[in-house]
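Below is one structure, written out as structure tokens, with a few remarks after it.
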Amino acid sequence: MVRASKTDQWIATPEAMAGETKQSKELFRTLFHRSPIGTYIIQDGRFKLVNRQLAYILGYEEDELIGRPALGFVLMEDRNAVHDNAVKMLKAGSSVGYEFRIVTKQARIKWVMETVTSVHYHKRRATLGSLIDVTERKQMEERLKQITLEMQRSNTELEQFAYVISHDLHEPLRMVSSYTQLLARRYRDELDADADEFISYAVDGARRMQALLNDLLDYSRVGTGGKPFALVDCRRVVEQAMSNLKIAIEECRASVTYDVLPGVLGDEGQLVRLFQNLIGNAIKFRGADVPCVHISALRWHNVVTFSVKDNGIGIDPQHSRTIFEIFRRLHTREEYPGTGMGLAICRKIVERHGGRISVQSRPGEGSTFFFTINIAGEETA
Amino acid sequence: MNSKTLERRLEILLVDDNPGDVRLTMEALKDGDVQNRLHTARDGKEAIAFLRREGAYDGAPRPDLVLLDLNMPGVSGLQVLAEIKQDPVLRSIPVVILTGSHAMDDIVKTYDLDANCYVTKPADFEQFILTVKSITDFWSVPVRPPEEES
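These protein sequences, in sequence, are chains A and B. For the first sequence, the working numbering gives the first residue as 1, with consecutive numbering after it. For the second sequence, the working numbering gives the first residue as 1001, with consecutive numbering after it.
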């Protein structure tokens, strides 16, 4: 311990004290009146002292406010809440403000946030309040809320539209494809070569459109037809996907391996579809070698990153984003059949599970698809 | 010769409002090798009249199999199914729901009403032939349901 030396002690002479008091009063006055925060003292429910900023927010001159009931400036509907919040805050001494609406002299409604503290003023209990104008933020919040709602509504509408379109187009298309096939079956070889060719293009076109509609229907169902999330064993999911692809895997003697895979909260059917599309692609876009597909998973906090790695033909990095768009194809149908919906469906499933999907690849060097799943299972629309 | 051709004709009632589908089913049956006679009803009301042998359907045969479309105007396929399965005389007739709908709700509802089978009409005609063939093959064996003996 060091003893305080005598020079540290401040001798309070009456003159010095008077000077100090004067100085702090001036400092207080400057602070109070120049503060960018509306500041005021209320006693018996009426303004006793107000600063310039409060007067500015309310649209009055400072002296117009003195003596008037403070609650009178609060929008009628908000008065009870303001009173309750103020009482609560004075008791608890918390510093988290509450928001309400005021009416200015010009009859404009503004959103403000207030905090209050209990003080003594002229030897009697009073309330010291601080108030800031949050109208702009409130308006932004309101707009954001509206835009979000609008977007959700338009998304749902779009999904329903896609569903109805693909569903209702099925019936007439079934007629077209069935009857062209019936024509082909009954009259092939009875008509000339031209007729056979025309019929076969008609049959092929109808068949392709059927596939497109089915995939579009599946795509729209990811959002609207999804099941609630439950705990899903990813090992079982991968095994189910592989069993669905059994014929394709056996046909090209593909090797599909996987590491230890964690459980996640999700929609099991959709996760099977996700793995099935990715493993299926890895086999479909194989190179000259026997296809090898490996699946692994890495957990980091609440997020699991899965990877599906293959030794296939690879993808030019310039397409690494566009391949996830709907009906996007990089090859002719003669080279590789398909509707171009597979990866779009994958992306939609991943996004519903709060994750992202991407690919790392170079032509001729295989591809690795990565996707994340939020383990907490928060569904995103 | 196949032994099935020796059996008596399978009486089939097809309930469907879409003439394109009716014709398609007829053609598919033609390509199958089950002896059959196809009767058609264009809506639910006609189907029930046929089954109860009312009005113009006096003397209509009791079908061995009903192929029922779900989406019909007026009396719906579900209502026809309910009528059949609530009727002690008609109850034993096998009913196959044949429809373009993939909706899970519909499938569950029809099984709740004791449909014997639910088949989604395939878009592929070759597949449709196979479907119709497997249905008729399956139900052409028990020609007389036990309830009718009594």
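Beta carbons are placed, not taken as given, at the ideal position from N, Cα and C, and that holds for glycine. Every value quoted in this text rests on a predicted model; they were computed, and no experiment measured them.
In the displayed model, G263(A) falls within a strand according to three-state DSSP. R143(A) has its alpha-carbon roughly 12 Å from the corresponding atom of M151(A). F47(A) is positioned such that its CB atom lies closer than 7 Å to that of Y40(A). Contacts between E1126(B) and chain A, judged by CB atoms closer than 8 Å, involve Q181 and R185 in chain order.
V1096(B) is the residue among E1054(B), A1041(B), V1096(B) and D1112(B) whose C-alpha sits nearest the C-alpha of T1120(B).
Within its own chain, the residues whose Cβ lies closer than 6 Å to the Cβ of T135(A), once the five positions on either side in sequence are excluded, are K110 and W111, listed in chain order.
Excluding its 5 nearest sequence neighbours in each direction, R52(A) has C-beta neighbours in its own chain below 7 Å: H33 and E62, listed in chain order.
Scanning chain A for C-beta atoms nearer than 7 Å to the C-beta of G1020(B) yields M175, reported in chain order. When Cβ pairs closer than 8 Å are counted between the two stretches, the stretch 1026-1040 of chain B is seen not to touch the stretch 1070-1079 of chain B, the count staying below three.
When Cβ-Cβ separations below 7 Å define contact, L1024(B) makes contact with chain A. Not one beta carbon of chain A lies nearer than 7 Å to the beta carbon of G1032(B). Taking 7 Å as the threshold, the shortest C-beta distance from S367(A) to chain B does not fall below it. If you keep only unbroken alpha helix (DSSP H) runs of at least 4 residues inside the stretch 232-303 of chain A, you get 234-244, 246-251 and 268-284.
At a cut-off of 3 residues, the continuous stretches assigned as beta strand (DSSP E) that sit fully inside the stretch 17-68 of chain A are 38-43 and 46-50. Closer than 7 Å at the C-beta level to chain B, one finds these residues of the stretch 157-171 of chain A: H170 and E171. Taking a Cβ-Cβ cut-off of 7 Å, the neighbours of K1121(B) in chain A comprise R174, given in sequence order.
Residues of the stretch 94-127 of chain A with a Cβ closer than 9 Å to any Cβ of chain B: none. In the DSSP assignment, A1047(B) falls within the alpha helix (DSSP H) that extends over G1044 to R1052.
Nearest to I37(A) by alpha-carbon distance, out of Q43(A), V50(A), L27(A) and G45(A), is V50(A). Look at D1058(B) here: in three-state DSSP terms it is coil, with no helix or strand label. Judged by pairs of C-beta atoms under 8 Å, the stretch 339-346 of chain A touches the stretch 276-291 of chain A, as three or more such pairs exist.
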